[in-house]
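Residue numbers (my numbering): 5 to 95.
The beta carbon of each residue, even a glycine, is placed where N, CA and C say it ideally should be.
Owing to the predicted nature of the structure, the values given are computational and were not obtained by experimental measurement.
I have placed the structure first, in the form of C-alpha cells, so that the comments after it can refer back to it.
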C-alpha cells in the first residue's frame, strides 16, 4: 500500500514541476497531461543528478526546497531538449 502512495506522490510532484516548467518556458509546447507529468518526474531525476554532481550527496528522506528547485531546473532542461527535438522533427 505504501508503494501506491509513493507512486501517486511522484505523479503529483511530476505534474506540478512539469506544469511550472511549461508555464515558464517560452513558446508553445503541445503535450498531454501525462507527458507533462513525465516531464516533471524525468526533470526531477535530471536535477537530482546535477545536484549530486555539483554538491555530492545530501541528507535523504526530507523534503528540501533545493530538491524542488533542482527538479524545476532539470524539467526546464528536459523541456528545452524536447522542444528542440520537436522543432527538428517538424523541419
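Less than 8 Å separating the beta-carbons of residue i and residue j?
| i | j | result |
| --- | --- | --- |
| residue 105 | residue 79 | Absent from the model: residue 105. The displayed extent of the chain is 5 to 95, so no value can be given. |
| residue 82 | residue 52 | no |
| residue 87 | residue 31 | yes |
With residue i and residue j assumed to form a contact (beta carbons below 8 Å), what rounded beta-carbon distance in angstroms separates them?
| i | j | result |
| --- | --- | --- |
| residue 40 | residue 19 | 6 Å |
| residue 74 | residue 54 | 6 Å |
Quick check: what's the CA-CA separation for residue i versus residue j?
| i | j | result |
| --- | --- | --- |
| residue 33 | residue 15 | 20 Å |
| residue 77 | residue 71 | 10 Å |
| residue 85 | residue 9 | 30 Å |
| residue 37 | residue 13 | 16 Å |
| residue 56 | residue 93 | 32 Å |
| residue 25 | residue 5 | 30 Å |
| residue 60 | residue 17 | 23 Å |
| residue 91 | residue 49 | 24 Å |
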